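Engineer: Top line first, the protein sequences correspond to chains A and D.
Just so we're on the same page, our numbering is the position in the first sequence counted from 1, plus 35.
Just so we're on the same page, our numbering is the position in the second sequence counted from 1, plus 1052.
Even for Gly, the Cβ is constructed at its ideal location relative to N, Cα and C.
Computed from a predicted structure; not experimentally measured.
Mind having a look at this structure? Questions to follow.
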Amino acid sequence: MTPLPDPNTPLPEFDNPPVIEVALSVQFDTLANLRTPQIGVLWQEFRDRFPKTEEHPPLESAIERFGVSPTPKGVARFQLLSTPPAPRCWFLNEEGTELVQVQHDRFVHNWRKVGDNDTYPRYDHVRATFESELKRFSEVLLRQELGELHPNQCEITYVNHIVSGEGWTTHGQLGDIVNLFSLHYTDAFHPEPEDCRLAARFVIPNRSGEPVGRLHVAIEPVYRTSDDAPMFALTLTARGRPLSYGLSGVLEVLDLGREWIVRTFATMTTPKMHALWRRKQ
Amino acid sequence: MTTLEIPENGVLSARERRVRPAPGIAQRGSTLTGASVSVQRMCFPSSDGELVIEIGGVPPAWFEPTVEKLGRLLTMPPDWDSYKARRVEPACVVSAIETVLAVMQDNTPPPAVVSTSCGGVQLEWHTRGIDLEVDVCSPTRILASYEDQETGESWEERVFDFSRIRRALREMAWRQVRVPEPIKEDSSGGEGPTNATTVMETRKAPEPIPPDLFWQDKSLAQLAVEQDVAAIGRFEEVWGAGSHLWPTEEEFEAFLAASRGDVASGN
C-alpha cells in the first residue's frame, strides 16, 4: 500500500521550476452529437480569448482500473466504419500559450511556455481558468441540447524540461537529477552510460485508503531542436475518477493529483537541482 | 529514431515542444525472451462498425465462446425485447471484453452473456453455489453483485477496484476443480442467466492441441476441459487407483523406489 502523504505538510514550492506545460483534463461519457459543426458553435463562446483553431485526431479513452490482472490477455476496440472519427479541436490564444481542446468525450485546458520570458502562472490560475471554461462548456452543451456532462476520469499533467548545463551535462548523469537513479556500480568496469530513462507508477488512494487514481512518472532523454542541447523531459500525469458528483468532484481529484505531482517531483529530484530551481519550502 | 514514449494524453507533442527524442533502447528481435507472441484477431461486424479483439499467445478455453457471444450482441437491433430496449452500446461490449480479459484466469468458467434493456451488457456466473453478476452499464459505470450460498457471503457494489471480482472467480474456478460439474449440452435451461435475453451457451467439443503447443503450462482445469474429462481435485480420490497394474506388491514397491530416484541415488 502506498503511504498517504501527510496533508498537513505544506506543499513544496520552487521560485524557478522547470515546468514548461500543464494540462488539466476531464473525460466524460461520450456525447454522440458533439461533432464538428457543434464544436464550431461551441468555439463562438470561446473565440474572444481563443481566436485560433486547429484540428487533431481524437485522444483515446483512458481509464485507471484497479485490482485487475497486470497483464491483460488482449485488447478490444470498436472501429466505426460509416462515420469518420469525431475530431479533437484546439482553440488557441493569440500567443499560443493557452489552449482549450474539445472532443466528444474530453475537455482539456493547457498552459505552455512558448518564449523564454513566459513564466508558469501557477496552479491556482490554471485551475481557475479551467474551472470557468468547463462551466461555460457545460452550459453551452445544455443550451444547444447536446447533453449533460458526466465526468468519469480526470487528469492533470506537468511536463518539465530539465536542460543540461545546470547541475548536469550528459544524459548518463540522470542520478544528478533524480534520487530514484543512482550511478553506483558494484564493480569497476563501466563508464557512465550514454543515456538513461526511467518510469514509475504510484497508486493514489483517497483518505480512506481506497485507490482512486494513479500517478505515472516518466523521465526521457531528449534534445532541444534549436541547438541540440541535451535535456530530460520529466512528465508526471495523475489520472483518477471524480471524488464526488459534479464539478466539485472533478476539481477535488485534480487537486489531489496536483498534490501528488508536486510532492513526487520534489521528493524524486535531488537537493542539488532544488538549489538551482530555488526551492522555498 | 524512436518516438518519445510519453503517452498521448492531451499534452502537446514533442514537435510542438521543440524537442526530439534520444535513440531508444535496443531492439529485441533476435532474442526469444520477451519477443512478441503471435496475435489472434477476431472481428465482429455490426451495422455501423466493427468490433476487433486481439489476443496474444494461446487463448484460454473460455475466450472464444465468451467473445463470440459478446460480439453477437452487436447484431441485435433496437427494441430487441419488443419493450423498446436500446441497442447494445458497442462501448459496453468493448468494456465487457476488457473486463473479462482483465479479471478471468485461464481456468475461470465462462460467463453467460446477457444484454440489458438500457444498452448495457451483463456477465453472469451461477455455478457451484456462487452467483456473480457484473453489469457493464457504461465503460466507467460497472456494478457487481455476489452471493455465495456455501459461506453466506454477499455484497453489491459499484466497481472501482476489481479485486473482489477476481477473488470470486478464483473461488469459483477452485470449486469447479474440486467438484466438477457435469457437462451440459445447453445451459440455457439450467443454472443460466436470470433476466433479459440470453445468448445460447453451448460447450463445444474440445479441439485437439496443436503438436507445437503440447509443452505449454496448463492448469489442471484447462487440461480437463481440453481432454473432455472431469478433473479430480482431491488426492484421496486417486489413492490406490491402478494398483492392479503390478502383479506383485514387490514390483509395485520397486516402481515407487525407481520413481523416487532411490536406485539412481543408491539410497
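Counting only beta-carbon atoms, is methionine 303 of chain A nearer than 8 Å to chain D?
Structural biologist: Sequence index remark: in the first sequence, residue 303 of chain A carries index 268 (1-based). Taking Cβ atoms only, chain D never reaches closer than 8 Å to methionine 303 of chain A, which makes this a no.
Engineer: Tell me, please, whether the CB atom of leucine 291 of chain A is closer than 8 Å to any CB atom in chain D?
Structural biologist: Numbered from its first residue, the first sequence carries residue 291 of chain A at position 256. No - not a single Cβ of chain D is within 8 Å of the one on leucine 291 of chain A.
Engineer: Would you verify that the beta carbon of serine 96 of chain A is, or is not, closer than 8 Å to some beta carbon of chain D?
Structural biologist: Walking along the first sequence from the start, residue 96 of chain A turns up at place 61. Closer than 8 Å: yes.
Engineer: So, is the C-beta of asparagine 145 of chain A closer than 8 Å to a C-beta in chain D?
Structural biologist: Position 110 of the first sequence, counting from 1, holds the residue named residue 145 of chain A. Judged by the 8 Å Cβ criterion, asparagine 145 of chain A is in contact with chain D.
Engineer: Here's a check: name, in chain order, each residue in its chain whose Cβ is nearer than 8 Å to the Cβ of valine 12 of chain A, leaving out the five neighbours to either side.
Structural biologist: The question about residue 12 of chain A has no answer here: the residues shown for chain A are numbered 36 through 316.
Engineer: Quick test of your reading: leucine 46 of chain A and glutamate 294 of chain A, contact by CB under 8 Å. State the CB separation rounded to the nearest angstrom.
Structural biologist: Reading the first sequence from its first residue, position 11 is the one you call residue 46 of chain A. Reading the first sequence from its first residue, position 259 is the one you call residue 294 of chain A. Going by Cβ atoms, the distance from leucine 46 of chain A to glutamate 294 of chain A rounds to 6 Å, so yes, they are a contact pair.
Engineer: So that I know if they touch, is there some Cβ in chain A lying closer than 8 Å to that of threonine 1192 of chain D?
Structural biologist: As a working mapping, residue 1192 of chain D is identified with position 140 in the second sequence. Yes, contact with chain A.
Engineer: Please classify lysine 1121 of chain D as buried or exposed, where buried requires at least 16 neighbouring CB atoms within 10 angstroms.
Structural biologist: Translated into positions along the second sequence, residue 1121 of chain D becomes position 69. Lysine 1121 of chain D should be labelled buried.
Engineer: Say whether the segment 118–129 of chain A touches the segment 1165–1174 of chain D, bearing in mind that this needs 3 or more beta-carbon pairs closer than 8 Å, one atom from each stretch.
Structural biologist: Too few Cβ pairs lie closer than 8 Å, so no.
Engineer: Is there a Cβ from chain D that is less than 8 Å from the Cβ of arginine 276 of chain A?
Structural biologist: Reading the first sequence from its first residue, position 241 is the one you call residue 276 of chain A. Interface residue, yes.
Engineer: Can you name the start and end residues of the beta strand (DSSP E) that histidine 1178 of chain D belongs to?
Structural biologist: Taking the second sequence and counting its residues from 1, one reaches residue 1178 of chain D at position 126. Run containing histidine 1178 of chain D: 1173–1179, per the beta strand (DSSP E) assignment.
Engineer: Using the beta-carbon of each residue, which ones in chain A are nearer than 9 Å to valine 1173 of chain D?
Structural biologist: Along the second sequence, one-based indexing puts residue 1173 of chain D at 121. Neighbours of valine 1173 of chain D on chain A: none; closest Cβ ~12 Å, over 9 Å.
Engineer: Out of D:Ala1310, D:Arg1227, D:Phe1307, D:Gly1062, state which residue places its alpha-carbon closest to the alpha-carbon of histidine 144 of chain A.
Structural biologist: By one-based count along the first sequence, residue 144 of chain A stands at place 109. Taking only the C-alpha atoms, the option nearest histidine 144 of chain A is D:Gly1062.
Engineer: If threonine 1160 of chain D and methionine 1224 of chain D are in contact, beta carbons under 8 Å, what's the gap, nearest whole angstrom?
Structural biologist: The residue labelled residue 1160 of chain D in the question sits at position 108 within the second sequence. The residue labelled residue 1224 of chain D in the question sits at position 172 within the second sequence. Correct: roughly 7 Å between the Cβ atoms.
Engineer: Flag glutamate 1102 of chain D as yes if its beta-carbon sits less than 8 Å from any beta-carbon of chain A, otherwise no.
Structural biologist: Translated into the one-based positions of the second sequence, residue 1102 of chain D becomes position 50. Closer than 8 Å: yes.
Engineer: If the cut is a Cβ gap below 7 Å, which residues of chain A does aspartate 1187 of chain D touch?
Structural biologist: Residue numbering aside, residue 1187 of chain D sits at position 135 when the second sequence is read from its first letter. Residues of chain A passing the Cβ test: none, with the nearest at roughly 16 Å.
Engineer: Can you name the residues that DSSP bridges to histidine 309 of chain A?
Structural biologist: Reading the first sequence from its first residue, position 274 is the one you call residue 309 of chain A. For histidine 309 of chain A, which the question treats as bridged, DSSP gives no partner whatsoever.
Engineer: When you compare only the Cα positions, how much space is there between leucine 311 of chain A and leucine 1153 of chain D?
Structural biologist: As a working mapping, residue 311 of chain A is identified with position 276 in the first sequence. As a working mapping, residue 1153 of chain D is identified with position 101 in the second sequence. Roughly 47 Å between the two C-alpha positions.
Engineer: Label phenylalanine 224 of chain A either buried or exposed according to how many other C-beta atoms from any shown protein chain fall within 10 Å of its C-beta, with 16 as the threshold for buried.
Structural biologist: In the first sequence, counting from the first residue as 1, residue 224 of chain A sits at position 189. Exposed, since its Cβ has fewer than 16 Cβ neighbours within 10 Å.
Engineer: Relative to chain D, which residues along the segment 169–184 of chain A have a C-beta separation below 7 Å, given in chain order?
Structural biologist: Cβ contacts with chain D come from no residue of the segment 169–184 of chain A.
Engineer: Under 8 Å between the Cβ atoms of alanine 8 of chain A and alanine 234 of chain A?
Structural biologist: Outside the displayed span of chain A (36 to 316) sits residue 8 of chain A, for which this structure offers no information.
Engineer: For the segment 1161–1223 of chain D, which segments carrying the beta strand (DSSP E) assignment without a break, of at least 3 residues, lie completely within its bounds, in sequence order?
Structural biologist: Those beta strand (DSSP E) runs which fall completely within the segment 1161–1223 of chain D and span 3+ residues are 1164–1167, 1173–1179, 1182–1190, 1193–1200, 1206–1210.
Engineer: Looking at arginine 1230 of chain D and glutamine 1157 of chain D, is the spacing between their C-beta atoms short of 8 Å?
Structural biologist: By one-based count along the second sequence, residue 1157 of chain D stands at place 105. By one-based count along the second sequence, residue 1230 of chain D stands at place 178. Contact: no.
Engineer: Can you pull the DSSP bridge partners for histidine 225 of chain A?
Structural biologist: For this step, residue 225 of chain A is matched to residue 190 along the first sequence. Looking at the DSSP assignment, histidine 225 of chain A forms no beta bridge with any residue, so it has no partner.
Engineer: Three Cβ pairs or more, each shorter than 8 Å: is that satisfied between the segment 1175–1184 of chain D and the segment 70–86 of chain A?
Structural biologist: These segments do not touch.
Engineer: At 8 Å on the CB atoms, spell out the chain A contacts of serine 1197 of chain D, in chain order.
Structural biologist: Mapped onto the second sequence, residue 1197 of chain D falls at position 145. Those do not exist, as serine 1197 of chain D stays about 17 Å from chain A at its closest Cβ, beyond 8 Å.
Engineer: Please work out which residues of its chain come closer than 8 Å, Cβ to Cβ, to threonine 88 of chain A, disregarding the five sequence neighbours upstream and downstream, and give them in chain order.
Structural biologist: In the first sequence, the residue the question calls residue 88 of chain A occupies position 53. The answer, listed in chain order, is Trp78, Cys124, Trp125, Phe126, Leu127.
Engineer: Taking only three categories from DSSP, how would you classify proline 45 of chain A?
Structural biologist: Position 10 of the first sequence, counted from the start, is the residue given in the question as residue 45 of chain A. Note: proline 45 of chain A maps to coil in three-state DSSP.
Engineer: Let me check one thing: in DSSP terms, what residues is valine 1104 of chain D bridge-paired to?
Structural biologist: Here residue 1104 of chain D corresponds to residue number 52 of the second sequence, with the count starting at 1. Beta-bridge pairing links valine 1104 of chain D to A:Arg112, D:Cys1095.
Engineer: For chain A, find out if any of its Cβ atoms is closer than 8 Å to the Cβ of phenylalanine 1214 of chain D; answer yes or no.
Structural biologist: In the second sequence, counting from the first residue as 1, residue 1214 of chain D sits at position 162. Phenylalanine 1214 of chain D counts as touching chain A.
Engineer: Output yes or no for whether 8 Å exceeds the beta carbon distance between valine 257 of chain A and arginine 1072 of chain D.
Structural biologist: Taking the first sequence and counting its residues from 1, one reaches residue 257 of chain A at position 222. Taking the second sequence and counting its residues from 1, one reaches residue 1072 of chain D at position 20. Cβ distance < 8 Å, so valine 257 of chain A and arginine 1072 of chain D count as in contact.
Engineer: Looking at the C-beta of valine 1251 of chain D, does it have a partner C-beta in chain A at a distance below 8 Å?
Structural biologist: Your numbering for residue 1251 of chain D matches position 199 in the second sequence. Residue placement at valine 1251 of chain D is flagged as unreliable, the pLDDT there being 38, under the threshold of 50; the coordinate-derived value follows with that caveat. Not an interface residue.
Engineer: How long is the line joining the alpha carbons of proline 1162 of chain D and alanine 1148 of chain D, rounded to whole angstroms?
Structural biologist: The residue labelled residue 1162 of chain D in the question sits at position 110 within the second sequence. The residue labelled residue 1148 of chain D in the question sits at position 96 within the second sequence. Cα to Cα, the separation comes out at about 13 Å.
Engineer: What's the gap between the Cα of valine 238 of chain A and the Cα of proline 306 of chain A?
Structural biologist: Here residue 238 of chain A refers to the residue found at position 203 when the first sequence is read from its first residue. Here residue 306 of chain A refers to the residue found at position 271 when the first sequence is read from its first residue. Spanning the two alpha carbons is a distance of roughly 25 Å.
Engineer: Do we get a CB-CB distance below 8 Å when we pair aspartate 211 of chain A with the residues of chain D?
Structural biologist: Indexing the first sequence from 1 puts residue 211 of chain A at position 176. Not an interface residue.
Engineer: Go to histidine 160 of chain A, then tell me how far its alpha helix (DSSP H) extends in each direction, as first and last residue.
Structural biologist: Position 125 of the first sequence, counted from the first residue, corresponds to residue 160 of chain A. Residues 158–178.
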